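Below is one structure; the comments refer to it alone.
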Amino acid sequence: MRLTNRTLGLTASPIAEAHAWLAHRTGDRPLLDLSQAAPSYPTAPEIARRIAEVAGEPDGGRYAPPPGLPELNDAFAAELGADYRADLLGEHVLPTGGCNQAFCVATSALAEPGDEIILPIPYYFNHDMWLKLDGVTPRYLAPDPDPAGPGDLVPSPDRAAELIGPSTRAIVLVTPGNPTGVTIPPGTIRAFADLARANDLALIVDETYRNFRTSDEPPHDLFTDPAWTDTVVSLHSFSKDLAIPGYRVGAVVAGPELIYEIMKLVDCVQISAPRISQEAAIAGLRHARAWRAEQASRINRALDRFEQVMAGRPGGFELITAGAFFGWARHPFADLSTAEVIKRLVLDHDVLAIPGTAFTPSDDRWIRFSYANLDVADFDELAARLAEMAA
Ligand SMILES: Cc1ncc(COP(=O)(O)O)c(C=O)c1O
Numbered sequence: 251m252r253l254t255n256r257t258l259g260l261t262a263s264p265i266a267e268a269h270a271w272l273a274h275r276t277g278d279r280p281l282l283d284l285s286q287a288a289p290s291y292p293t294a295p296e297i298a299r300r301i302a303e304v305a306g307e308p309d310g311g312r313y314a315p316p317p318g319l320p321e322l323n324d325a326f327a328a329e330l331g332a333d334y335r336a337d338l339l340g341e342h343v344l345p346t347g348g349c350n351q352a353f354c355v356a357t358s359a360l361a362e363p364g365d366e367i368i369l370p371i372p373y374y375f376n377h378d379m380w381l382k383l384d385g386v387t388p389r390y391l392a393p394d395p396d397p398a399g400p401g402d403l404v405p406s407p408d409r410a411a412e413l414i415g416p417s418t419r420a421i422v423l424v425t426p427g428n429p430t431g432v433t434i435p436p437g438t439i440r441a442f443a444d445l446a447r448a449n450d451l452a453l454i455v456d457e458t459y460r461n462f463r464t465s466d467e468p469p470h471d472l473f474t475d476p477a478w479t480d481t482v483v484s485l486h487s488f489s490k491d492l493a494i495p496g497y498r499v500g501a502v503v504a505g506p507e508l509i510y511e512i513m514k515l516v517d518c519v520q521i522s523a524p525r526i527s528q529e530a531a532i533a534g535l536r537h538a539r540a541w542r543a544e545q546a547s548r549i550n551r552a553l554d555r556f557e558q559v560m561a562g563r564p565g566g567f568e569l570i571t572a573g574a575f576f577g578w579a580r581h582p583f584a585d586l587s588t589a590e591v592i593k594r595l596v597l598d599h600d601v602l603a604i605p606g607t608a609f610t611p612s613d614d615r616w617i618r619f620s621y622a623n624l625d626v627a628d629f630d631e632l633a634a635r636l637a638e639m640a641a
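FYI, in this note's numbering the residues of the sequence shown are 251 to 641.
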C-alpha cells in the first residue's frame, strides 16, 4: 500500500512529540508539565452526574439527531446571545465532535484543493495541519518579527488585506490565542470581518478559550450585525470550559445555509456529535455556570503568578504574552535549536513545554508554556528550574 505525501509530510502531534522525551528522563524530581492545553482537573459534579444518568437511559447510546439536540442548540444560542448581546437562535448552532472537527468541516465546506486560507502566525498547529491535509494552502500572516508586547502579536487587518488574492476563501482568527494567549480587541475583529465581507470571504473565529478572558465585555460585536451570517463562522469548544476534552464536543455557530452544508461533512465523519457529550454540555450550560466561573478565575490567578515569576526573566526566558492557558516566551539560546532547548528543559531540568516551531513555519526561539494546570506552589519552582538553564 502507498500513503499520500500529504499525510507523510505532516509531523506527528507536537504534544505527542514532546511527551516522547519523557521516556528518556533519568531525574527523580517530579515533572513540571507545561505542555498540555487541556484541563487536568475533573469536570463539574453536575456534569458528571448527568453523564452517568444518560448512560443508563434507553436512548443514551443512540445517535443524536444530525442538527444536534435542540436543548443544546437553544441553550448555547441563549448563552452566546447574552454574552455577545446579540440575537442568536438554536438554528445558528451545530454541535460537532469538538472544535477541531468544527474547524475541519467548516474549512472543507469553504475551500477546496488549490484554494488559500489566511492564517496568522503563530497559528494553532492543527489548523495548519488540517489545511495542508485538505490540499488548501495556508497563507501566513506574519506578526511583527520582534514583538515587544502583546499588541505586536495581534494580527493586522491591513497586512491581511495584502495577502488576499483570487484563491483566498477565508481568514482565521483564534482569540484568545493558542499559543499566545492574546485576546484580539473587538475593534480589530470587526475590521477583519469588514475586510472579509468586502472580499466575499469567510471570517472563521476559533473561540475555544472565550471563557478564560479577563473581561466580561462581549468578545466581539459581529453577531449584532443583521448580515453576520454572510461572513462569520464562529467555532467553539466545551473541552476546556467544561473540562470534558475526552467527550469531544464543540460547535459551529454560523448561518443556517452554511450549517446545512457542513452537516453533510459531519455526517460522513461522525454522523453527529456524541449524544452523551451533548447532554454533558447541556448540563454544563444549565447548571455549572458558577463552577465554570470558579475555574476561570483560578486559572486567571495562575496567570498572575506565572507573570510574576516570569517578570524576573528566569534563565533569560522572556515572556512576551500570556493569557487563557498559555504563555509565549522567547528562549535566550541563539546558538541552539528550539528542539534542543526543549530536550534540555525536560531531560536536565524536568520542565516539559512545547517548541514554538509547532506554531510557526520557522524557528524563532519561541516556547509555549501552558501554566493552567500548575499548582500555585509550582510557580517558584518553575522559575528556579528555568534559572538553572543559565547557570
Ligand atoms: C485554538 C484551539 N482550537 C481547538 C482546540 C481543540 O478543541 P476541541 O477539544 O474542542 O476539539 C484547541 C485545543 O487545544 C485549541 O487550542
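Cβ coordinates follow ideal geometry from the N, Cα and C atoms, glycine included. For clarity, every value in this text was computed on a predicted model and none was experimentally measured.
Take alanine 398 as the anchor and find which of Ala273, Phe619, Trp578, Gly500 has the nearest alpha-carbon. Here the question's residue 398 lines up with position 148 in the sequence shown. Among Ala273, Phe619, Trp578, Gly500, the Cα nearest to that of alanine 398 is on Trp578.
Roughly how many angstroms lie between the CA atoms of valine 404 and aspartate 471, to the nearest whole one? Within the sequence shown, the letter at position 154 stands for residue 404. Within the sequence shown, the letter at position 221 stands for residue 471. One C-alpha to the other measures close to 17 Å.
Please report the residue range of the beta strand (DSSP E) in which glycine 500 lies. Mapped onto the sequence shown, residue 500 falls at position 250. Taken as a continuous stretch (DSSP letters only), the beta strand (DSSP E) holding glycine 500 covers 500-503.
Answer yes or no: the CB of arginine 498 versus the heavy atoms of ligand 1, is any distance below 8 Å? Here residue 498 corresponds to residue number 248 of the sequence shown, with the count starting at 1. Result yes, Cβ under 8 Å from ligand 1.
Looking at ligand 1, does it come within less than 8 Å of aspartate 289, judged from the CB to the closest heavy atom? Indexing the sequence shown from 1 puts residue 289 at position 39. At residue 289 the sequence reads proline, which differs from the aspartate that was named. Result no, Cβ not under 8 Å from ligand 1.
Is the separation between the beta-carbon of proline 289 and that of tryptophan 541 shorter than 9 Å? One-based indexing of the sequence shown puts residue 289 at position 39. One-based indexing of the sequence shown puts residue 541 at position 291. Contact flag unset, no.
So, helix, strand or coil for threonine 571, using DSSP? Working through the sequence shown from its first residue, we reach residue 571 at position 321. It is a strand residue.
Can you tell me whether serine 358 is helix, strand or coil according to DSSP? Numbered from its first residue, the sequence shown carries residue 358 at position 108. Reduced to three states, the DSSP call for serine 358 is helix.
For phenylalanine 609 and glutamate 321, the rounded distance between their alpha carbons: In the sequence shown, the residue the question calls residue 321 occupies position 71. In the sequence shown, the residue the question calls residue 609 occupies position 359. One C-alpha to the other measures close to 36 Å.
For valine 596, count the other beta carbons within 10 Å of its own beta carbon; 16 or more makes it buried, fewer makes it exposed. Which is it? As a working note, residue 596 is residue 346 in the sequence shown. Classification of valine 596: buried, given that the 10 Å Cβ count is 16 or more.
Measure the alpha-carbon distance for threonine 458 versus aspartate 554 and round it to whole angstroms. As a position in the sequence shown, residue 458 is number 208, starting the count at 1. As a position in the sequence shown, residue 554 is number 304, starting the count at 1. Looking at the two C-alpha atoms, the distance is approximately 21 Å.
DSSP-derived helix/strand/coil call for valine 596: Position 346 of the sequence shown, counted from the first residue, corresponds to residue 596. The three-state secondary structure of valine 596, taken from DSSP, is helix.
Would tyrosine 374 and glycine 306 qualify as a contact pair, given that the criterion is a beta-carbon distance under 9 Å? In the sequence shown, residue 374 corresponds to position 124, counting from 1. In the sequence shown, residue 306 corresponds to position 56, counting from 1. For tyrosine 374 and glycine 306, no; Cβs fall outside 9 Å.
Assess contact between the region 355-367 and the region 580-597, defined as three or more Cβ pairs (one per stretch) separated by less than 8 Å. Is contact present? The region 355-367, when compared against the region 580-597, does not touch it at the 8 Å Cβ threshold.
Return the chain-ordered list of same chain residues with a C-beta closer than 6 Å to the C-beta of glutamate 341, the five sequence neighbours on each side being excluded. Start at 1 with the first residue of the sequence shown, and residue 341 comes out as number 91. Result list for glutamate 341: Pro506, in chain order.
How is valine 626 classed by DSSP in three states: helix, strand or coil? On the sequence shown, residue 626 is found 376 positions in, with the first residue counted as 1. If DSSP states are grouped into helix, strand and coil, valine 626 belongs with coil.
Specify the secondary structure class of serine 406 as computed by DSSP and reduced to three states. Locating residue 406 in the sequence shown gives position 156, counting from the first residue. In the structure shown, serine 406 sits in coil (DSSP, three-state: anything other than H, G, I, E or B).
So is the beta-carbon of glycine 348 under 8 Å away from any non-hydrogen atom of ligand 1? The count along the sequence shown starts at 1 and reaches residue 348 at position 98. At least one heavy atom of ligand 1 is nearer than 8 Å to the Cβ of glycine 348, so yes.
According to the neighbour-count rule (16 or more other Cβ atoms, all chains shown, within 10 Å of its Cβ), is asparagine 255 buried or exposed? Taking the sequence shown and counting its residues from 1, one reaches residue 255 at position 5. Asparagine 255 is exposed by the Cβ-count criterion.
By Cβ distance below 8 Å, which residues in the same chain neighbour threonine 474 in space, the five residues on each side in sequence not counted? By 1-based counting over the sequence shown, the position of residue 474 is 224. These residues qualify, in order along the chain: Tyr334, Arg335, Ala336.
At least 3 beta-carbon pairs within less than 8 Å: the region 497-515 vs the region 544-560: no
Is leucine 508 helix, strand or coil by DSSP? Your numbering for residue 508 matches position 258 in the sequence shown. Helix at leucine 508.
What residue from Asp600, Ala637, Thr607, Val502 has the CA that sits closest to leucine 284's CA? Along the sequence shown, read from residue 1 onward, the residue named residue 284 stands at position 34. Considering only alpha carbons, the answer is Asp600.
Cross-strand partners of arginine 618 (DSSP beta bridge): By one-based count along the sequence shown, residue 618 stands at place 368. Answer by DSSP bridge pairing, in chain order: Trp578, Ile604.
Quick check: alanine 643 and threonine 571, are their CB atoms within less than 9 Å of each other? Absent from the model: residue 643. The displayed extent of the chain is 251 to 641, so no value can be given.
Within the same chain, show all residues whose beta-carbon is closer than 6 Å to that of valine 304, passing over the 5 residues directly before and after it, in chain order. By one-based count along the sequence shown, residue 304 stands at place 54. Around valine 304: Gly310, Ile526, Glu529.
Specify the secondary structure class of serine 547 as computed by DSSP and reduced to three states. If you number the sequence shown from 1, residue 547 lands on position 297. Note: serine 547 maps to helix in three-state DSSP.
At what residues does the alpha helix (DSSP H) containing isoleucine 265 begin and finish? To locate residue 265, count along the sequence shown from 1; it is residue 15. Unbroken alpha helix (DSSP H) run through isoleucine 265: 264-270.
Please specify which runs of the beta strand (DSSP E), each continuous and at least 3 residues long, are wholly inside the region 366-425, giving them in chain order. 366-370, 387-391, 418-424
At least three beta-carbon pairs within less than 8 Å, the region 424-439 to the region 400-414: As far as the Cβ criterion goes, the region 424-439 touches the region 400-414, which means the pair count is three or higher.
May I have the straight-line CA-CA distance separating glutamine 558 from proline 564, to the nearest angstrom? Taking the first residue of the sequence shown as 1, we reach residue 558 at position 308. Taking the first residue of the sequence shown as 1, we reach residue 564 at position 314. Cα to Cα, glutamine 558 sits roughly 11 Å from proline 564.
What residues are listed by DSSP as bridge partners for alanine 452? Counted from its first residue, the sequence shown places residue 452 at position 202. In the DSSP output, where bridge partners are listed per residue, alanine 452 has Ala420.
Compare the Cα-Cα distances from glycine 437 to each of Pro469, Ile297, Asp324 and report the closest residue. The residue you call residue 437 lines up with position 187 of the sequence shown. Ranking Pro469, Ile297, Asp324 by Cα distance to glycine 437 puts Pro469 first.
Verify the contact flag: valine 355, CB atom, against every heavy atom of ligand 1, threshold strictly below 8 Å. Position 105 of the sequence shown holds residue 355. It does not: the Cβ of valine 355 is nowhere closer than 8 Å to a heavy atom of ligand 1.
For aspartate 491, count neighbouring Cβ atoms within 10 angstroms of its own Cβ and tell me buried if that reaches 16, exposed if not. Translated into the one-based positions of the sequence shown, residue 491 becomes position 241. Burial call: buried.
Buried or exposed by the 16-neighbour rule on C-beta atoms within 10 Å, applied to isoleucine 439: Residue mapping note: residue 439 aligns to position 189 of the sequence shown, counting from 1. Isoleucine 439 is buried by the Cβ-count criterion.
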